[in-house]
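Engineer: Everything in the sequence shown is counted per my numbering, starting at -15 for the first residue and increasing by one. We treat Cβ as the ideally placed atom computed from N, Cα and C, and that holds for glycine. The structure under discussion is supplied below as structure tokens; questions concerning it will follow.
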Amino acid sequence: MANIPKKYAAGAGALAIRMVVETLSDHPSDIAACKVLAPKLDVGAESLCVRRWVLQA
-15 MANIPKKYAA GAGALAIRMV VETLSDHPSD IAACKVLAPK LDVGAESLCV
35 RRWVLQA
């Protein structure tokens, strides 16, 4: 599992990763998926991709 900063709930990372993986086929790249889903999850797109939650999973 990815190292999740303490400011996010423990389950937030797992939920975010699952949502990105499930929607990858709808987007041209993982970064595009992160940019679409980040506002819905109330996290920054950088938290999903640049900090590598998705890439480390």
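#1: Is the beta carbon of LEU47 less than 8 Å from the beta carbon of ALA22?
#2: If you follow the alpha helix (DSSP H) that SER31 is part of, which residue opens it and which one closes it?
#3: Tell me which residue opens and which closes the alpha helix (DSSP H) that ALA(-7) is part of.
#4: Can you look up ASP26 in the DSSP assignment and give me helix, strand or coil?
Structural biologist: Reading from the atomic positions:
#1: Since the first and last residues shown for the chain are -15 and 41, residue 47 lies out of range.
#2: Position 47 of the sequence shown, counting from 1, holds the residue named residue 31. In the DSSP assignment, SER31 falls within the unbroken alpha helix (DSSP H) covering 29 to 32.
#3: The residue labelled residue -7 in the question sits at position 9 within the sequence shown. Taken as a continuous stretch (DSSP letters only), ALA(-7) belongs to no alpha helix (DSSP H), as it is neither H nor E.
#4: For the purposes of this step, residue 26 is taken as the residue at position 42 of the sequence shown. In this structure, ASP26 counts as coil in the three-state DSSP scheme.
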